[in-house]
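Chains A and B are the protein sequences, given in the same order.
Numbers given in our numbering equal positions in the first sequence, counted from 1, plus 4.
Numbers given in our numbering equal positions in the second sequence, counted from 1, plus 4.
All C-beta atoms, glycine included, are put in the ideal place defined by N, C-alpha and C.
What you are looking at is a predicted structure, and each value in this text was computed from that prediction instead of being measured.
There are 2 protein chains.
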Amino acid sequence: MNLSPIRFVLVDTSHPGNIGAVARAMKNMGLSDLALVNPREFPHPEATARASGADDLLDRARVCATLEEAIADSGLVLATTARAREQHFRVLEAREAAGRIVAESRAGGGAVAVVFGTERFGLSNEHLLKAHALLRIPANPEYESLNIGMAAQLIAYEIRLAARTAQPAPVRDTPLATPEQMERFYVHLEQVMSESNFRDRTRSGTHLMGRIRRMFNRAELDANEVNILRGILTAVQFKRRRAGEGQAGEVSSCNEPQNPTQP
Amino acid sequence: MNLSPIRFVLVDTSHPGNIGAVARAMKNMGLSDLALVNPREFPHPEATARASGADDLLDRARVCATLEEAIADSGLVLATTARAREQHFRVLEAREAAGRIVAESRAGGGAVAVVFGTERFGLSNEHLLKAHALLRIPANPEYESLNIGMAAQLIAYEIRLAARTAQPAPVRDTPLATPEQMERFYVHLEQVMSESNFRDRTRSGTHLMGRIRRMFNRAELDANEVNILRGILTAVQFKRRRAGEGQAGEVSSCNEPQNPTQP
């Protein structure tokens with residue numbers, strides 16, 4: 005996943021801690037290109053502390069005097085805003101914007117810039133006018149108080165998800181139980197229920213074994229797990245049969261899917 | 005947009021500032037139900053400062069001694085994790101999880117709980133075993149360092165977006181089994197296993213009851229289903245006890261979650 009053409013630009017940031025928080029948020033999602041326009045204090049120990057291991061991004065951050073300088077080599081420029089009422093701008097929500105950002109970054113048209121304003125006032129109108137579109141994070145209209153670190157985190161996350169096309173298959177140490185293994189398990193369970201004179205009185209209105217199958221199927225049991233359950237069933241049967249003879253037995257689960265304890 | 009049945013539960017939080025950051029993250033996305041399990045320091049001025057206007061959530065936050073207490077009235081329980089390698093759990097990515105959370109919150113089956121662990125170590129294995137599934141935020145595999153506030157922000161954001169797309173609530177005829185009902189079931193199952201002299205010989209290398217809990221938790225059993233399973237366990241016990249006396253008995257499942265057959 006190459007996200008290197010995607011740049012976050014922080015303009016007139018007041019608190020150095022926020023610069024560190026943005027660096028950390030970026031690195032968490034695999035972004036690395038940070039530009040700082042006229043930061044009040046940088047470098048600063050608080051920025052390094054809040055970066056928490058993402059200080060390599062701070063070391064490589066480019067400090068610029070103006071926004072123009074920071075986006076000089078950019079293609080698409082998006083400006084973040086908390087205001088919903090911007091007139092005559094194209095406004096993209098974060099998720100849609102992330103799709104655009106990733107697509108543009110792969111098109112080879114220079115860096116794609118996402119610009120963040122000051123903690124108190126956001127971006128000036130002059131700054132907004134540098135952007136192709138505004139990026140807005142949907143939030144609670146009665147309380148929109150996303151700080152710059154949180155906003156950067158959400159946007160970086162959306163970029164990562166947009167960039168992820170092919171997902172690796174999940175790692176599974178044991179294969180799912182085969183249909184045949186599941187069948188044998190259900191036969192075994194039904195046998196134990198029958199031997200125990202279990203009678204269903206649920207008012208569910210569905211066939212009991214169908215209900216039981218659905219719940220175990222939802223669990224997506226692997227072969228070992230079915231063997232554990234069948235081992236328990238066998239132990240129950242063994243114990244019950246021996247009980248009449250006054251003997252105590254011991255049964256254990258086995259771990260060979262190809263040779264489960266037969267009912 | 006009614007998100008009130010969705011609860012964030014913070015377990016053993018070390019830094020009060022993080023509690024405030026989570027409250028702010030929640031309120032930004034319209035969430036309001038916060039529970040704190042055994043916080044090291046709360047209330048605390050730093051929590052209030054970081055909440056930055058979301059102090060009403062802190063005022064209403066419920067402080068609990070245990071996770072069990074915080075999720076006692078819950079239906080679906082999801083545990084956040086940074087580890088990708090959890091075996092035998094159902095693992096949902098944040099976006100998919102948010103869809104489930106919203107759907108369940110609209111199904112009327114009790115609070116939906118999202119549980120966050122400590123800043124340093126996350127959730128213990130014991131805590132994970134209380135959850136139906138794990139919630140994972142996709143991130144840079146070479147640097148996963150999301151703090152609890154950022155994680156809460158991302159999940160709250162996904163919940164808000166999932167809630168915005170009007171989804172039909174799934175029809176659930178019976179609520180999910182409560183954590184207490186699940187506990188009683190596990191105690192009952194373990195008792196039957198013990199009475200049957202069941203001995204584990206799986207080479208899974210994990211504690212057997214933990215393995216069993218994970219597979220049944222994945223099934224997301226409802227109250228009736230737990231009663232069916234407990235009825236089977238009771239039948240097995242009844243039959244075995246009577247076997248020694250040469251009598252045949254009959255046991256049936258019951259359908260009253262408030263009065264399950266006691267082990």
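C-alpha gap between residue i and residue j, whole angstroms
i	j	result
residue 23 of chain B	residue 153 of chain B	8 Å
residue 132 of chain B	residue 223 of chain B	15 Å
residue 28 of chain A	residue 58 of chain A	5 Å
residue 214 of chain A	residue 220 of chain A	10 Å
residue 177 of chain A	residue 79 of chain B	29 Å
residue 64 of chain B	residue 197 of chain B	43 Å
residue 158 of chain A	residue 93 of chain B	26 Å
residue 19 of chain A	residue 77 of chain A	27 Å
residue 123 of chain B	residue 60 of chain B	23 Å
residue 226 of chain A	residue 185 of chain A	10 Å
residue 247 of chain B	residue 216 of chain A	26 Å
residue 168 of chain B	residue 35 of chain B	13 Å
residue 204 of chain A	residue 235 of chain B	8 Å
residue 201 of chain B	residue 83 of chain B	33 Å
residue 119 of chain B	residue 72 of chain B	11 Å
residue 128 of chain A	residue 31 of chain A	27 Å
residue 74 of chain A	residue 49 of chain A	23 Å
residue 187 of chain A	residue 52 of chain B	57 Å
residue 21 of chain B	residue 243 of chain A	56 Å
residue 170 of chain A	residue 6 of chain A	Note that residue 170 of chain A scores a pLDDT of 44, beneath 50, so its modelled location is shaky; the value from the coordinates is reported in the next line. C-alpha separation (whole angstroms): 13 Å.
residue 16 of chain B	residue 125 of chain B	10 Å
residue 25 of chain A	residue 62 of chain A	11 Å
residue 130 of chain B	residue 56 of chain B	33 Å
residue 101 of chain A	residue 134 of chain A	16 Å
Chain B within 8 Å of residue i, Cβ atoms only
i	result
residue 179 of chain A	no
residue 216 of chain A	yes
residue 149 of chain A	yes
residue 163 of chain A	no
residue 20 of chain A	no
residue 235 of chain A	yes
residue 157 of chain A	yes
residue 189 of chain A	no
residue 14 of chain A	no
residue 120 of chain A	no
residue 95 of chain A	no
residue 109 of chain A	no
residue 240 of chain A	yes
residue 199 of chain A	yes
residue 225 of chain A	yes
residue 212 of chain A	yes
Beta-carbon proximity of residue i to residue j, cut-off 8 Å
i	j	result
residue 117 of chain A	residue 81 of chain A	yes
residue 103 of chain A	residue 155 of chain A	no
residue 14 of chain A	residue 47 of chain A	no
residue 212 of chain A	residue 232 of chain B	yes
residue 150 of chain B	residue 160 of chain B	no
residue 68 of chain A	residue 39 of chain A	yes
residue 37 of chain A	residue 54 of chain A	no
residue 86 of chain B	residue 148 of chain B	yes
residue 98 of chain B	residue 162 of chain B	yes
residue 109 of chain B	residue 179 of chain B	no
residue 181 of chain B	residue 240 of chain B	no
residue 106 of chain A	residue 70 of chain A	no
residue 33 of chain B	residue 245 of chain B	no
8 Å Cβ cutoff, residue i in contact with chain A
i	result
residue 11 of chain B	no
residue 220 of chain B	yes
residue 134 of chain B	no
residue 232 of chain B	yes
residue 154 of chain B	yes
residue 28 of chain B	yes
residue 144 of chain B	yes
residue 265 of chain B	Bear in mind that the predicted position of residue 265 of chain B carries a pLDDT of just 41, short of 50, making it too unreliable to give a figure here.
residue 8 of chain B	no
Near the ligand SAM: residue i beta-carbon under 7 Å from a heavy atom
i	result
residue 27 of chain B	Among the ligands in the structure shown, none appear at all, so the ligand SAM cannot be discussed.
Where residue i meets chain C, residues with beta-carbon distance less than 9 Å
i	result
residue 125 of chain A	No chain C is present in this structure, whose protein chains are A and B.
message: Please give the ranges of any beta strand (DSSP E) in the region 7 to 46 of chain A, keeping only runs that are unbroken, at least 3 residues long and fully inside the region.
response: 10 to 15 and 37 to 41
- prompt: Using 8 Å as the threshold, is the region 138 to 150 of chain A in touch with the region 189 to 196 of chain A, meaning 3 or more CB pairs across them?
  reply: no
query: In chain order, which continuous runs of the beta strand (DSSP E) of length 3 or greater are located wholly inside the region 82 to 114 of chain B?
result: 95 to 97
- prompt: Going along the chain, which unbroken runs of the alpha helix (DSSP H) with 4 or more residues stay wholly within the region 108 to 167 of chain A?
  reply: 129 to 132 and 152 to 167
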